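Residue numbers (our numbering): 23 to 213.
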């Protein structure tokens with residue numbers, strides 16, 4: 023009699039399910055769930071604080087830029103709102119219709135050199151406000167278009183003469199910009 027050997031099959035591992043115990047979790051799972059919950063709550067709280075701060079900033083401030091050489095700086099932080107205006111304040115204001123090459127509502131930034139009650143006078147091409155020389159008016163702009171000077175007279179209440187010393191500044195020297203009224207002012211430069 024002959025015996026045949028058959029290769030033995032390796033024993034197969036059997037996986038028995040762990041008994042499920044209602045209401046009990048492994049300590050590692052509980053710790054992970056607690057850490058995840060805390061992380062999500064802290065992230066949500068930080069996000070809400072940042073969102074509220076950003077919303078407050080947008081409502082109270084605006085960052086405005088200067089694209090010309092009329093002012094030495096290019097970026098300004100503007101505090102929105104109506105404030106008492108003083109000589110020397112840099113105002114951010116919206117331009118109206120008739121300002122060539124700029125869209126209605128464009129924001130300009132210029133320092134206040136003339137207050138209500140100050141007298142505007144001209145001597146040749148030079149403008150004076152309250153007896154102080156402000157600058158010269160050019161007969162034509164850089165595009166060759168004629169420029170009309172602001173009329174001499176007294177600055178009325180609620181209006182301001184804004185100008186920079188730069189010879190090419192587009193400011194209250196010209197009727198296109200003219201005197202800036204309280205209603206045009208969006209705020210003052212704080213930085």
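Don't be surprised by glycine CBs; every beta carbon is placed ideally from N, CA and C.
For clarity, every value in this text was computed on a predicted model and none was experimentally measured.
Nearest to residue 181 by CA position, among 196, 203, 78, is which residue?
-> 203
Apply the 10 Å Cβ neighbour rule to residue 205 and answer buried if 16 or more other Cβ atoms are within range, or exposed otherwise.
-> exposed
Inspect the CB distances between the region 159–173 and the region 192–201 and report whether three or more fall short of 8 Å.
-> yes
What did DSSP end up calling residue 73 once you bin it into helix, strand or coil?
-> helix
Specify the secondary structure class of residue 94 as computed by DSSP and reduced to three states.
-> coil
Measure the CB-CB distance between residue 112 and residue 176 and report whether it falls below 8 Å.
-> no
Considering only C-alpha positions, which residue in the set 128, 92, 124, 200 is nearest to residue 186?
-> 92
6 Å Cβ shell around residue 109 - same chain, five flanking residues per side excluded | 134, 137
Residue 152 vs residue 164 beta-carbon contact at 8 Å = no
Residue 49 (DSSP reduced to helix, strand or coil) | helix
Burial state of residue 191, where buried means 16 or more other Cβ atoms lie within 10 Å = buried
Presumed contact (8 Å Cβ cut-off) between residue 107 and residue 86, rounded CB distance = Not confirmed; about 17 Å, so no contact.
Burial state of residue 183 (16 or more Cβ within 10 Å) = buried
I think residue 122 touches residue 144, with their Cβ atoms under 8 Å apart; what is that distance to the nearest whole Å?
-> At roughly 22 Å, the Cβ-Cβ gap does not stay under 8 Å, so residue 122 and residue 144 are not in contact.
So is residue 195 in contact with chain B if we call contact Cβ pairs under 8 Å?
-> In the structure shown, chain B cannot be found, because there is only a single protein chain.
Starting from the Cα of residue 105, find the closest Cα among 94, 82, 117, 95 and give me that residue.
-> 82
Going by C-alpha distance, which of 75, 124, 174, 55 is nearest residue 89?
-> 124
First through last residue of the beta strand (DSSP E) which encompasses residue 143 | 141–145
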